[in-house]
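Working notes for the structure below.
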Amino acid sequence: MGRHRAQDQTVRREVRKELVKRQSVDCSLVDVAVMNGVAYLGGEVRPVRHSNVDIKEEMALIESIVRQVPGVRDVVNRVKLPFR
41 MGRHRAQDQT VRREVRKELV KRQSVDCSLV DVAVMNGVAY LGGEVRPVRH
91 SNVDIKEEMA LIESIVRQVP GVRDVVNRVK LPFR
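For any residue, its number in my numbering is found by taking its place in the sequence shown, counting from 1, and adding 40.
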(Lines of atoms letter the chains of each structure in order from A and count residues from 1; the text may use other names and numbers.)
(Lines give C-alpha, C1' and ligand atoms only; values in the text may rest on other atoms or scores of the structure.)
Protein backbone atom coordinates (compact mmCIF):
# COMPACT_ATOMS: atom_id res chain seq x y z
CA MET A 1 0.00 0.00 0.00
CA GLY A 2 2.79 2.45 0.90
CA ARG A 3 4.57 1.83 -2.39
CA HIS A 4 1.46 2.77 -4.37
CA ARG A 5 1.09 5.96 -2.36
CA ALA A 6 4.73 6.88 -3.05
CA GLN A 7 4.23 6.18 -6.77
CA ASP A 8 1.08 8.29 -6.79
CA GLN A 9 2.96 11.19 -5.17
CA THR A 10 5.68 10.94 -7.81
CA VAL A 11 3.07 10.91 -10.59
CA ARG A 12 1.30 13.88 -8.98
CA ARG A 13 4.54 15.89 -9.01
CA GLU A 14 5.08 15.06 -12.70
CA VAL A 15 1.51 16.07 -13.56
CA ARG A 16 1.98 19.40 -11.72
CA LYS A 17 5.21 20.00 -13.69
CA GLU A 18 3.31 19.52 -16.95
CA LEU A 19 0.56 21.92 -15.88
CA VAL A 20 3.09 24.62 -14.98
CA LYS A 21 4.57 24.40 -18.49
CA ARG A 22 1.34 25.63 -20.09
CA GLN A 23 1.91 29.23 -21.14
CA SER A 24 -1.54 30.11 -22.47
CA VAL A 25 -3.57 29.22 -19.37
CA ASP A 26 -3.19 29.78 -15.65
CA CYS A 27 -3.29 26.36 -13.99
CA SER A 28 -2.33 27.65 -10.55
CA LEU A 29 -5.87 26.94 -9.28
CA VAL A 30 -5.95 23.39 -10.64
CA ASP A 31 -5.91 20.72 -7.95
CA VAL A 32 -4.22 17.41 -8.74
CA ALA A 33 -4.75 14.17 -6.85
CA VAL A 34 -3.52 10.76 -7.97
CA MET A 35 -4.87 7.51 -6.59
CA ASN A 36 -3.77 4.17 -7.98
CA GLY A 37 -2.54 5.85 -11.15
CA VAL A 38 -5.76 7.78 -11.80
CA ALA A 39 -5.14 11.53 -12.04
CA TYR A 40 -8.01 13.63 -10.73
CA LEU A 41 -7.97 17.24 -11.93
CA GLY A 42 -10.19 19.77 -10.17
CA GLY A 43 -10.38 23.45 -9.44
CA GLU A 44 -10.42 25.97 -12.24
CA VAL A 45 -8.34 27.22 -15.11
CA ARG A 46 -8.18 30.70 -16.60
CA PRO A 47 -6.70 32.06 -19.79
CA VAL A 48 -3.54 34.09 -19.33
CA ARG A 49 -4.16 37.79 -19.68
CA HIS A 50 -4.19 39.03 -23.28
CA SER A 51 -4.35 35.46 -24.57
CA ASN A 52 -6.85 34.48 -27.24
CA VAL A 53 -6.64 30.79 -26.46
CA ASP A 54 -9.66 28.51 -26.87
CA ILE A 55 -9.89 27.31 -23.27
CA LYS A 56 -11.80 24.12 -24.16
CA GLU A 57 -9.17 23.13 -26.72
CA GLU A 58 -6.40 23.93 -24.24
CA MET A 59 -8.02 21.77 -21.55
CA ALA A 60 -8.36 18.89 -24.02
CA LEU A 61 -4.66 19.27 -24.81
CA ILE A 62 -3.76 19.38 -21.11
CA GLU A 63 -5.78 16.23 -20.47
CA SER A 64 -3.99 14.51 -23.35
CA ILE A 65 -0.60 15.58 -21.98
CA VAL A 66 -1.50 14.33 -18.48
CA ARG A 67 -2.48 10.95 -19.96
CA GLN A 68 1.07 10.65 -21.32
CA VAL A 69 2.74 11.16 -17.93
CA PRO A 70 4.38 7.86 -16.94
CA GLY A 71 2.28 6.14 -14.28
CA VAL A 72 -1.04 7.76 -15.26
CA ARG A 73 -3.60 5.08 -16.08
CA ASP A 74 -6.58 7.39 -16.50
CA VAL A 75 -7.64 11.04 -16.05
CA VAL A 76 -10.79 12.35 -14.39
CA ASN A 77 -11.12 15.98 -15.44
CA ARG A 78 -13.38 18.06 -13.21
CA VAL A 79 -11.73 21.40 -13.94
CA LYS A 80 -14.17 24.31 -14.16
CA LEU A 81 -13.89 26.44 -17.27
CA PRO A 82 -14.53 30.18 -17.18
CA PHE A 83 -17.63 31.61 -18.84
CA ARG A 84 -17.08 33.74 -21.91
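Glycine included, each C-beta is placed from N, C-alpha and C at the ideal position.
query = Quick one: Cα of Asp48 to Cα of Arg56, how far?
reply = Numbered from 1 along the sequence shown, position 8 holds the residue referred to as residue 48. Numbered from 1 along the sequence shown, position 16 holds the residue referred to as residue 56. The straight-line gap from Cα to Cα measures roughly 12 angstroms.
message = Could you check whether Asp71 and Arg86 sit closer than 8 angstroms to each other, using their CB atoms as the reference points?
response = Your numbering for residue 86 matches position 46 in the sequence shown. Your numbering for residue 71 matches position 31 in the sequence shown. Result no, Cβ atoms of Arg86 and Asp71 do not sit closer than 8 angstroms.
request  = Identify, in the order they occur along the chain, each residue of the same chain with its Cβ nearer than 6 angstroms to the Cβ of Arg107, setting aside the five sequence neighbours on each side.
outcome  = Counted from its first residue, the sequence shown places residue 107 at position 67. Around Arg107: Val115.
request  = Determine the direct distance from the alpha carbon of Ser91 to that of Glu54, and round the result to whole angstroms.
outcome  = Residue 54 sits at position 14 when you count from the first residue of the sequence shown. Residue 91 sits at position 51 when you count from the first residue of the sequence shown. Roughly 25 angstroms separates the two Cα atoms.
task = Specify the secondary structure class of Asp71 as computed by DSSP and reduced to three states.
result = Along the sequence shown, one-based indexing puts residue 71 at 31. Asp71 falls in the strand class under three-state DSSP.
message = Restricting to Cα atoms, I'd like to know which of Val74, Ile95, Glu84, Glu58 is closest to His44.
response = One-based indexing of the sequence shown puts residue 44 at position 4. Closest by alpha carbon: Val74.
task = Mark Gln100 as exposed unless 16 or more other C-beta atoms lie within 10 angstroms of its C-beta, in which case mark it buried.
result = Position 60 of the sequence shown holds residue 100. Reading off the sequence, residue 100 comes out as Ala, not Gln. The residue in question, Ala100, is exposed, as its Cβ has fewer than 16 Cβ neighbours within 10 Å.
Burial state of Arg89, where buried means 16 or more other Cβ atoms lie within 10 Å = Locating residue 89 in the sequence shown gives position 49, where the first residue counts as 1. When all chains shown are included, Arg89 counts as exposed.
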